[in-house]
Amino acid sequence: MEIHFWGAAQTVTGSAHYIRVNGKMILLDCGLFQGRRSDTYAVNRSFCVPPSKVDALVLSHAHMDHCGNIPTLVKHGFNGPVHATTSTVELSKLMMMDSAHIQVADAEYINKKRARNGDPLIEPLYEAEDATEALGLMQPQTYNVPFPVAPGVQATLVEAGHILGSAAIILDIEEKGKILRLWFSGDIGRMDMPILKDPVMPFAADYLIMESTYGDRPHPSYEQACELLQQVLATTLGRGGKVIIPAFAVGRTQELVYAIHGMMDSGDIPRVPVYVDSPLAVNVTDVFRKRTEDFDREAREMIGNDPHQGALGFDMLTYIRSVDESKALNLRKDPMIIISASGMLEVGRVLHHLRHNIEDPKSTLLIVSWQAPHTLGRRMIEGKQPVKIYGEVYNPRIEVKSIQGFSAHAGQDFLLEYALRQKGRVKEVFLVHGEDRGAEPLMELMKQNGMPNVHYPNRGQMFTV
Ligand SMILES: [Zn+2]
Numbered sequence: 002m003e004i005h006f007w008g009a010a011q012t013v014t015g016s017a018h019y020i021r022v023n024g025k026m027i028l029l030d031c032g033l034f035q036g037r038r039s040d041t042y043a044v045n046r047s048f049c050v051p052p053s054k055v056d057a058l059v060l061s062h063a064h065m066d067h068c069g070n071i072p073t074l075v076k077h078g079f080n081g082p083v084h085a086t087t088s089t090v091e092l093s094k095l096m097m098m099d100s101a102h103i104q105v106a107d108a109e110y111i112n113k114k115r116a117r118n119g120d121p122l123i124e125p126l127y128e129a130e131d132a133t134e135a136l137g138l139m140q141p142q143t144y145n146v147p148f149p150v151a152p153g154v155q156a157t158l159v160e161a162g163h164i165l166g167s168a169a170i171i172l173d174i175e176e177k178g179k180i181l182r183l184w185f186s187g188d189i190g191r192m193d194m195p196i197l198k199d200p201v202m203p204f205a206a207d208y209l210i211m212e213s214t215y216g217d218r219p220h221p222s223y224e225q226a227c228e229l230l231q232q233v234l235a236t237t238l239g240r241g242g243k244v245i246i247p248a249f250a251v252g253r254t255q256e257l258v259y260a261i262h263g264m265m266d267s268g269d270i271p272r273v274p275v276y277v278d279s280p281l282a283v284n285v286t287d288v289f290r291k292r293t294e295d296f297d298r299e300a301r302e303m304i305g306n307d308p309h310q311g312a313l314g315f316d317m318l319t320y321i322r323s324v325d326e327s328k329a330l331n332l333r334k335d336p337m338i339i340i341s342a343s344g345m346l347e348v349g350r351v352l353h354h355l356r357h358n359i360e361d362p363k364s365t366l367l368i369v370s371w372q373a374p375h376t377l378g379r380r381m382i383e384g385k386q387p388v389k390i391y392g393e394v395y396n397p398r399i400e401v402k403s404i405q406g407f408s409a410h411a412g413q414d415f416l417l418e419y420a421l422r423q424k425g426r427v428k429e430v431f432l433v434h435g436e437d438r439g440a441e442p443l444m445e446l447m448k449q450n451g452m453p454n455v456h457y458p459n460r461g462q463m464f465t466v
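Those letters in the sequence shown? Residues 2 to 466, per the numbering used here, in order.
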């Protein structure tokens, strides 16, 4: 077996690992690389092997950095099955279609500039037709039920506890009389998070590919995160400001709604209007409502008991689809909470909300997720002045707050525990999906704890096992 590291290698986005076994090529994830626009264009078009040579794709979950480049793969010749859990299939349909529209809009925006400068025009990374074609290849699979992906290779998807439908991918391989198990963690979630089931720990793994996003630090607890959230909301709303929360449409938005709902019911924060302004998030929430079988027991019980549309809706909350309704929010001066995508402030409606409030010191930009280098979200956290939004220059005066405890990723302590479950059993561990500041401390800790064979492969590095 050969493992070719390609995407999310020494970085956190664009997850893609190529496995060559029994003469076939299996791809684990095909995510969009996010970062500097000038880099992303080239990186997302380059594949480890020509896409027509990939036989099957197994997808860990529906975040863009794991599924968002599948339409590009299809556009360039991939025609095999895409295996994923039922919830992941449902969610990634929405994500890919949404992304196709963003890709087209993005290319139009860039082309306007290029036309002005007399530069050659670019074509979108992919379009709706490519996404539709990709959707036709998806094959829903049930958690914990093995399915064949190639001769001598069975895959099993087990709970990763990261977002709805998320899975670790187990490949049970028989090659030239050798039997081995490759365990790909996908993105590892956390124990006891709201809505989601707990992650399954690795077992009987010979080789482990695991994420390392937060390998440098443990997270504050979910309870601490809620306390901080309550403080930020109470302070900002109390002084008459708006709270703008960039959030990914899948997972974080639903968690925030769940938490804010509770705080308003208990009187811990003022009752102000709350808007989820993202057509994608609205559609995703509909999938959540359909897929409650993937919820943990507490969330299923809460939904059973709740009079307000299953905890993901309440009287102060409005889900916004239309552009006009979204724009109308910017004319209003009253305190409110706006949750909108994208989560790293790279694209989407949240940029308009930020633009209209960025010079207002009463308002708060509240960051609740990891921000990739070179994204506007990262620059805002770092307090960079000035910043550019849609080509306009602004000097931010909005307060910027960041809360880590909502992370859907395991912190350092749990990542270490995850790896140590296979101590003495696993032959090699490969850390992916982490910058060096995350992966290196984790690698060091694993070595100190008696796991010497840990690698941090770079893009293009290949291991034969
Ligand atoms: Zn993820």
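Even for Gly, the Cβ is constructed at its ideal location relative to N, Cα and C.
Checklist entry - Which residue's Cα is closest to the Cα of residue 137: 98, 106 and 144? => result That would be 98, whose Cα lies nearest to the Cα of residue 137.
Next on the checklist: Am I right that residue 161 and residue 193 are in contact with their C-beta atoms under 8 Å? What's the rounded C-beta distance?
Outcome noted: Not really, about 15 Å apart at Cβ, beyond 8 Å.
Next on the checklist: I'd like the span of the alpha helix (DSSP H) that includes residue 42, first residue to last.
Outcome noted: Residue 42 -> alpha helix (DSSP H) spans 38 to 44.
Checklist entry - How do the segment 222 to 237 and the segment 127 to 142 stand: do at least 3 beta-carbon pairs fall below 8 Å, yes or no? => result The answer is no - the segment 127 to 142 does not touch the segment 222 to 237, with fewer than three Cβ pairs under 8 Å.
Item to check | Minimum Cβ-Cβ distance from residue 412 to chain D less than 8 Å | outcome: Within the model displayed, chain D is absent; a lone protein chain is all it includes.
Next on the checklist: Along the chain, where does the beta strand (DSSP E) containing residue 294 start, and where does it finish?
Outcome noted: Note, residue 294: premise wrong, no beta strand (DSSP E); not H, not E.
Item to check | First through last residue of the beta strand (DSSP E) which encompasses residue 183 | outcome: Its beta strand (DSSP E) spans residues 179 to 185.
Checklist entry - For ligand 1, any of its heavy atoms closer than 7 Å to the Cβ of residue 102? => result At a threshold of 7 Å, residue 102 does not count as near ligand 1, since its beta carbon sits no closer than that to any of the ligand's heavy atoms.
Checklist entry - Can you list every residue whose CB sits closer than 5 Å to some heavy atom of ligand 1, going in chain order? => result One residue list follows from the rule of a beta carbon closer than 5 Å to any heavy atom of ligand 1, given in chain order as 64 and 188.
Checklist entry - For residue 246, which residues does DSSP report across the bridge? => result Residue 246 pairs with 340.
Next on the checklist: With the cut-off set at 8 Å, would you say residue 55 and residue 81 are in Cβ contact?
Outcome noted: Yes, Cβ-Cβ distance for residue 55 and residue 81 is below 8 Å.
Checklist entry - Which word fits residue 180, buried or exposed, when buried means at least 16 other C-beta atoms lie within 10 angstroms of its C-beta? => result Counting the other Cβ atoms within 10 Å of the Cβ of residue 180 gives fewer than 16, which makes it exposed.
Checklist entry - Secondary structure at residue 75, three-state DSSP: helix, strand or coil? => result In the structure shown, residue 75 sits in a helix (DSSP, three-state: H, G or I).
Item to check | For residue 442, the first and last residue of its enclosing alpha helix (DSSP H) | outcome: Under the DSSP assignment, residue 442 falls in the alpha helix (DSSP H) whose first and last residues are 437 to 449.
Item to check | Given 8 Å, three or more beta-carbon pairs between the segment 117 to 128 and the segment 89 to 109 | outcome: Segments in contact, yes.
Checklist entry - When the Cα of residue 87 is compared with those of 293, 230 and 269, which residue comes out closest? => result Sorting 293, 230 and 269 by C-alpha distance to the C-alpha of residue 87 places 293 at the top.
Checklist entry - Assuming residue 390 and residue 378 make a contact with CB atoms under 8 Å, what is their CB distance in whole Å? => result The pair is not a contact, with the Cβ atoms about 12 Å apart (cut-off 8 Å).
Item to check | DSSP beta-bridge partners of residue 171 | outcome: For residue 171, which the question treats as bridged, DSSP gives the partners 157 and 184.
Checklist entry - DSSP beta-bridge partners for residue 6? => result Answer is 18, bridged to residue 6.
Checklist entry - Between residue 276 and residue 313, what straight-line distance do the alpha-carbon atoms span, to the nearest angstrom? => result Distance between residue 276 and residue 313, taken at the CA atoms: about 12 Å.
Next on the checklist: Using 8 Å for Cβ pairs, my map puts residue 454 next to residue 433. What's the rounded Cβ distance?
Outcome noted: Rounded, the Cβ-Cβ distance is 15 Å, inconsistent with contact.
Checklist entry - Quick one: what's residue 318 bridged to in DSSP? => result BP columns for residue 318 point to 275.
Checklist entry - First and last residue of the beta strand (DSSP E) that includes residue 84? => result Element bounds for residue 84: 83 to 86.
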